[in-house]
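Read left to right, the sequence shown gives residues 1 to 335 (full-length UniProt numbering).
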Amino acid sequence: MVAPTPALSAVGSADELLLLNIVVLVVSVLSALGSAWMILSFVLFKSARSFRHQLILGLAISDFWMAINFMGSTATQLNGQKLEGASCSLNGFATQWFVVQTDYWVLMVAICSFLVLADFKVQSNWVQSHRWVIWGIPWGLSAVWAAIGLSVSGYGNIGAWCWFTNDKTRLLVNFIPRWLIIVAILIIYTRLYFIVYNAHERFLSMDEEASGSRQSVGMAKMSRNSALTCDQIEVEELQGPRHKRTSKVPRSRSAPTLKRLAYRMLAYPLVYMLIWVVPTTIRIYQVTTGKPAPFAVATVDKACIVIHGFADAVIYGFNEASLSAWKGLLFHGRR
């Protein structure tokens, strides 16, 4: 294992590093709570166990352990102990493993959502019948990258946790592949946005044509034959398999549901992209100038990396179905 070079990200006074660790600890607690909420929703509610929810569960588990890893490193240093040697290598390995793993999970969720919603039946059936293969890809690939990083470059203390200390290494190994993934999911979700939004427009048109007539039976057949029926989208994306068999969504609600889903399709990649703008900018700045970023900016940099669990809970786990399920449990005692 190669000894890591001193990290620009770790430069700062003792008071600054103390404040940095406090900020990262607070944000990591928020992320742990957010990801734990997604995991608990999956465990408690049958309506949150659809195929797509199972993929989001994988993302939530990764977010949770990433937050726990950050909590451990910051708590260690706030307790006056140094993060170095074997403990630093272990912390750096876990950081690389879980941070990269979230990238792969986000990509898996996007690809599988596209296959299901765009009606690629053969491919959709395959991924749904080989779920452990889909689960193995993020865990396996990220573990390989973390092991390679440990053996080739090594991990060192960058302030609040251990990671690659060389910004150029982080830029080439992590950030360039990450932005390729961001571009890929942006393309996928943009395509899904237009598919779902066009379905929304068709529902509006069909509602207008059916107004005052008795064509509901024929239109119900049309909707069942569509790859993007309201039942399929709202049930699979918002409710889950239990409602798929029992719920009947009024046609008057179909268009608004599709419109909300269309906008959510664009929110996923945009939020993920915003999270990584500041860290990427700082990596480029430090690589090109050889100087550390100002402390305030560097703190925002690390907070953006740690906030994943909370952000994913908001964009993936916070919707009408989850709120309804929690209200039912808390106020009516039903799951």
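The C-beta atom is built at its ideal place from N, Cα and C for all residues, glycine as well.
**Request:** Mark Gly34 as exposed unless 16 or more other C-beta atoms lie within 10 angstroms of its C-beta, in which case mark it buried.
**Result:** The residue labelled residue 34 in the question sits at position 34 within the sequence shown. Classification of Gly34: buried, given that the 10 Å Cβ count is 16 or more.
**Request:** Indicate the three-state DSSP secondary structure (helix, strand or coil) for Trp135 in the structure shown.
**Result:** Position 135 of the sequence shown holds residue 135. Here Trp135 sits in helix by DSSP.
**Message:** Looking at the secondary structure, which residues open and close the alpha helix (DSSP H) in which Leu18 lies?
**Reply:** As a first step, residue 18 is located in the sequence shown; it is residue number 18 there, counting from the start. For Leu18, the enclosing alpha helix (DSSP H) covers residues 14 to 44.
**Those residues which DSSP pairs with Cys304 across a bridge** = For the purposes of this step, residue 304 is identified with residue 304 of the sequence shown, where counting begins at 1. Under DSSP, Cys304 shares a beta bridge with no residue.
**Prompt:** At which residues does the alpha helix (DSSP H) containing Arg49 begin and terminate?
**Reply:** For this step, residue 49 is matched to residue 49 along the sequence shown. It is not in any alpha helix (DSSP H) - Arg49 carries neither H nor E in the DSSP assignment.
**Asked** Just to confirm, are Ala303 and Ile195 a CB contact at a threshold of 7 Å?
**Response** As a working note, residue 303 is residue 303 in the sequence shown. As a working note, residue 195 is residue 195 in the sequence shown. Taking 7 Å as the Cβ cut-off, Ala303 and Ile195 do not qualify as a contacting pair.
**Item:** Nearest-angstrom Cβ-Cβ length linking Leu59 and Thr95, presumed shorter than 8 Å
**Value:** For the purposes of this step, residue 59 is taken as the residue at position 59 of the sequence shown. For the purposes of this step, residue 95 is taken as the residue at position 95 of the sequence shown. Wrong, their Cβ atoms sit about 17 Å apart, outside the cutoff.
**Request:** Could you spell out the range, first to last residue, of the alpha helix (DSSP H) harbouring Ser87?
**Result:** Indexing the sequence shown from 1 puts residue 87 at position 87. Unbroken alpha helix (DSSP H) run through Ser87: 85 to 117.
**Prompt:** Looking at the unbroken alpha helix (DSSP H) that takes in Trp126, where does it start and where does it end?
**Reply:** The residue you call residue 126 lines up with position 126 of the sequence shown. For Trp126, the uninterrupted alpha helix (DSSP H) run begins and ends at 121 to 129, by DSSP.
**Request:** May I ask which residues mark the beginning and end of the alpha helix (DSSP H) holding Lys82?
**Result:** Taking the sequence shown and counting its residues from 1, the one referred to as residue 82 is at position 82. Note, Lys82: premise wrong, no alpha helix (DSSP H); not H, not E.
**Message:** Cutting at 7 Å between CB atoms, please list the residues of its own chain near Gln286, excluding the five before and the five after it.
**Reply:** As a first step, residue 286 is located in the sequence shown; it is residue number 286 there, counting from the start. Scanning its chain for C-beta atoms nearer than 7 Å, with the 5 sequence neighbours on each side dropped, one finds around Gln286 the residues Leu8, Asp167, Pro292, Ala293, in chain order.
**Item:** Environment of Ile68 [buried if 16+ CB atoms lie within 10 Å]
**Value:** Along the sequence shown, one-based indexing puts residue 68 at 68. Of the residues assessed, Ile68 falls on the buried side of the cut-off, its CB having 16 or more other CB atoms within 10 angstroms.
**Request:** Can you tell me which of the three DSSP states Trp179 falls into?
**Result:** The sequence position of residue 179 within the sequence shown is 179, counting from 1. Looking at Trp179 - three-state DSSP - the assignment turns out to be helix.
**Asked** Can you give the Cα-Cα distance for Leu171 and Ala146, rounded to whole angstroms?
**Response** Translated into positions along the sequence shown, residue 171 becomes position 171. Translated into positions along the sequence shown, residue 146 becomes position 146. Distance between the alpha carbons of Leu171 and Ala146 is about 15 Å.
**Request:** Would you mind sorting Ile305 into buried or exposed? The rule is 16 or more other CB atoms within 10 Å of its CB.
**Result:** Numbered from its first residue, the sequence shown carries residue 305 at position 305. With at least 16 other beta carbons inside 10 angstroms of its own, Ile305 counts as buried.
**Item:** Per-residue burial, Leu228 [other beta carbons within 10 Å of its own, 16 or more giving buried]
**Value:** Reading the sequence shown from its first residue, position 228 is the one you call residue 228. Reliability fails at Leu228, whose pLDDT of 41 lies under 50, so the model's placement of it is uncertain and no value is given.
**Item:** Start and end residues, alpha helix (DSSP H) containing Lys168
**Value:** The residue you call residue 168 lines up with position 168 of the sequence shown. According to the DSSP assignment, Lys168 belongs to the alpha helix (DSSP H) that extends over 167 to 170.
**Prompt:** Are the beta-carbon atoms of Ala262 and Tyr193 separated by less than 7 Å?
**Reply:** Looking up residue 262 in the sequence shown gives position 262. Looking up residue 193 in the sequence shown gives position 193. Cβ atoms of Ala262 and Tyr193: closer than 7 Å.
**Cα-Cα separation between Lys327 and Lys46, rounded to whole angstroms** = The residue labelled residue 327 in the question sits at position 327 within the sequence shown. The residue labelled residue 46 in the question sits at position 46 within the sequence shown. Computed Cα separation, rounded: 15 Å.
**Prompt:** Asn157 bridges to which residues according to DSSP?
**Reply:** Along the sequence shown, read from residue 1 onward, the residue named residue 157 stands at position 157. Beta-bridge pairing links Asn157 to Cys162.
**Message:** Here's a check: name, in chain order, each residue in its chain whose Cβ is nearer than 7 Å to the Cβ of Val127, leaving out the five neighbours to either side.
**Reply:** On the sequence shown, position 127 is the one that residue 127 refers to. Same-chain partners within the cutoff: Cys112, Leu115, Ile134.
**Asked** Cα separation between Leu141 and Phe331?
**Response** Mapped onto the sequence shown, residue 141 falls at position 141. Mapped onto the sequence shown, residue 331 falls at position 331. For Leu141 and Phe331, the distance between alpha carbons rounds to 43 Å.
**Prompt:** Using DSSP with H/G/I as helix, E/B as strand and the rest coil, what is Phe318?
**Reply:** On the sequence shown, position 318 is the one that residue 318 refers to. If DSSP states are grouped into helix, strand and coil, Phe318 belongs with coil.
**Request:** Rounded to whole angstroms, what's the CA-CA distance from Cys88 to Ile307? Just pull it up for me.
**Result:** Along the sequence shown, read from residue 1 onward, the residue named residue 88 stands at position 88. Along the sequence shown, read from residue 1 onward, the residue named residue 307 stands at position 307. C-alpha separation (whole angstroms): 21 Å.
**Prompt:** Quick one: is Asp15 buried, meaning 16 or more other Cβ sit within 10 Å of its Cβ, or exposed?
**Reply:** In the sequence shown, residue 15 corresponds to position 15, counting from 1. Its Cβ having fewer than 16 others within 10 Å, Asp15 is exposed.
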